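One structure is given below, encoded as structure tokens.
Protein chains: 2
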Amino acid sequence: MSLRYAILGYLSTAPGTGYDLARQFDTGLGWFWTANHSQIYPELRRLTEEGLVERDATAISENVDKFVYSLTPAGREALREWTSQLPVYPPNRDGERLQLIFGDETPEALHAHLTAHRDHFVQRRQRLKETLDAIDAGTHERVKARVANRSKKAAAITLKLRQLAYAGDIARAETEIAWAEDALKWLETVRPQK
Amino acid sequence: MSLRYAILGYLSTAPGTGYDLARQFDTGLGWFWTANHSQIYPELRRLTEEGLVERDATAISENVDKFVYSLTPAGREALREWTSQLPVYPPNRDGERLQLIFGDETPEALHAHLTAHRDHFVQRRQRLKETLDAIDAGTHERVKARVANRSKKAAAITLKLRQLAYAGDIARAETEIAWAEDALKWLETVRPQK
DNA sequence: TTGTCCATGTAAACAGTTACATGATTGA
DNA sequence: TCAATCATGTAACTGTTTACATGGACAA
């Protein structure tokens, strides 16, 4: 049920099209939530029917329209209500851990597994750091747009929350990197010639 | 697609019923993967049809049977193949982060949010530590069963992989706790009288 | 006899992915 | 003119959750 709030949240910064949302889910917002356009367009229709968003047709040429969605007051209130609720933690579903604990009959695959894990999170950390730097430097477009029409005090909170979110994900990546490196060190003590 | 491997992995330790699997997904294995019985029974049927598991009827009373599933050689091979593959990382979907970054209009909810986050992961860490202690002490039933029919060297790998998995999840919990505590400290500097 | 656990299923709804489908605009 | 990007949709399939459905065993 978070898809709709990801959409409402995005539109709470500025109006946009379904295509904008799909693009955003592939880049910025995609760190926290993602969806394909095949999921976005039907959800936008439902949100419109429920009165949480409003759709305006904008001509992009003579006979072609695009649809710009914006939050209604009811939509803004629905978002506020949702962000006020306590977080709900979904059940763990970690295929990688399954590979690990049931991979005791294929230990020869461990080295590649752990290396891939480390590399994956090194890359992740890199991209997260770039985003966090952009936020800190004030060059992050979406954050700039969100901060724009807020008071100085409110803007500071917006900024801090983004920093918390990205710093948290960076910390997660670092935990994974340290874990993989520890595990690789152990592996070396077990099979030194490899 | 990991559900089937969670099942194959479970059965690779010892045969069991669908009910056993459901119970296990609610407890031990549930840390890494979970499923309801409504998903398990159909999957067991498919695995049987594909020849990866084998089902035997065992009488529990005169006219009632239960069905004990065990891995076939093909099933064991399918599991080996899967654990040999590199991990696949699913797209992030983190509703809590969305609540955070779009919660800049409801900052009054932040304190409860962060406290709940910390408490959630403190509890998680506690339960994880208990499990890891049981593994270290050799009192963890499933691990004991898995280690039982292995050579000393193979058993050591089984043990180490479990320890890695649980230690990794403990490290994750600790990252979350530290993150929430840092954020709470910042909150106090912003709104000291609360 | 009542509640809990054991045990196995199906059905409907919801969420997410992949594939099918179309067409305009823009820049190399 | 060819490829990339903009733009919007539907259909089929897979995976997950919630609800419906049934019945035996066992202990308080």
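Protein chains in written order, with my numbering: chain R, 68 to 261; chain U, 68 to 261.
Just so you know, even glycine gets a beta-carbon here, dropped at the ideal spot from N, CA and C.
Only a predicted model underlies this, so the values are computations on that prediction, with no experimental measurement involved.
{"query": "Whether R:I244 touches R:L195 by CB criterion (8 Å)", "result": "no"}
{"query": "CA-to-CA distance, U:A73 to R:F134, given in whole angstroms", "result": "44 Å"}
{"query": "Cutoff 8 Å: R:Q190 Cβ touching any chain U Cβ", "result": "no"}
{"query": "Contact with chain U by R:A73, beta-carbon distance below 8 Å", "result": "yes"}
{"query": "For U:D132, three-class secondary structure by DSSP", "result": "strand"}
{"query": "Where R:Y156 meets chain U, residues with beta-carbon distance less than 8 Å", "result": "E163, H187"}
{"query": "Cβ neighbours of R:E248 in the same chain (closer than 8 Å, five flanking residues each side left out)", "result": "R185"}
{"query": "Contact belief for R:T80 with R:R209 at Cβ below 8 Å, rounded distance in angstroms", "result": "6 Å"}
{"query": "Selection of the stretch 166 to 179 of chain R by Cβ proximity to chain U, strictly under 7 Å", "result": "Q166, L167, I168, F169, G170, D171, E172, T173, P174, A176, A179"}
{"query": "Where U:G83 falls: helix, strand or coil (DSSP)", "result": "strand"}
{"query": "Sequence-distant residues of its chain with Cβ nearer than 8 Å to U:R192 (five each side left out)", "result": "I237, A240, E241, I244"}
{"query": "Min CB distance R:T150 to chain U below 8 Å", "result": "yes"}
{"query": "Which listed residue (R:A141, R:D132, R:E129) has its alpha carbon closest to that of R:T115", "result": "R:A141"}
{"query": "CB-CB length for R:T173 against U:S137, believed under 8 Å", "result": "Between U:S137 and R:T173 the Cβ distance is about 20 Å, and since that is not below 8 Å, they are no contact."}
{"query": "Neighbour list for R:I224 in chain U, Cβ cutoff strictly below 7 Å", "result": "D171, P174"}
{"query": "DSSP state of R:E102 mapped onto helix, strand, coil", "result": "It is Ala, not Glu, that sits at residue 102 of chain R in the sequence shown. It is coil, neither helix nor strand."}
{"query": "Beta-carbon proximity of R:T139 to R:E110, cut-off 8 Å", "result": "no"}
{"query": "Residue burial classification, R:P158 (beta-carbon count within 10 angstroms, cutoff 16)", "result": "exposed"}
{"query": "C-alpha gap between U:A126 and U:E148, whole angstroms", "result": "34 Å"}
{"query": "Beta-carbon proximity check, R:I168 vs U:F99, cutoff 8 Å", "result": "yes"}
{"query": "Alpha-carbon spacing of U:V155 relative to R:L96, whole angstroms", "result": "21 Å"}
{"query": "Cβ shell of R:L88 (< 7 Å), same chain only, five flanking positions each side left out", "result": "I74, Y77, I107"}
{"query": "Best match in U:Q190, U:F188, U:H187, U:K227 for proximity to U:G205 [C-alpha to C-alpha]", "result": "U:K227"}
{"query": "Residues sharing a beta bridge with R:A141, DSSP", "result": "Partner(s): none; R:A141 has no beta bridge."}
{"query": "Nonlocal neighbours in the same chain, by C-beta distance under 8 Å from U:G170, ignoring five residues either side", "result": "A176, L177, H180"}
{"query": "C-alpha gap between R:S69 and R:D132, whole angstroms", "result": "28 Å"}
{"query": "Beta carbon proximity, U:K261 to chain R, threshold 8 Å", "result": "Residue confidence is low: U:K261 scores 45 on pLDDT, short of 50, so the model does not pin down where it sits. Its coordinate-derived value is still stated next. It does not: the Cβ of U:K261 has no partner Cβ on chain R nearer than 8 Å."}
{"query": "Neighbour-count burial assignment, R:Y86, 16 or more Cβ in a 10 Å radius", "result": "exposed"}
{"query": "Residue of U:A102, U:A215, U:A234 minimising C-alpha distance to U:L199", "result": "U:A234"}
{"query": "Test: R:H184 CB closer than 8 Å to a CB of chain U", "result": "yes"}
{"query": "Residue of R:N103, R:A183, R:R71 minimising C-alpha distance to R:L251", "result": "R:A183"}
{"query": "C-alpha distance - U:H207 paired with R:T94, whole-angstrom precision", "result": "43 Å"}
{"query": "Buried versus exposed call for U:W246 [16 or more other C-beta atoms within 10 Å across all chains shown]", "result": "buried"}
{"query": "Contact with chain R by U:R239, beta-carbon distance below 8 Å", "result": "yes"}
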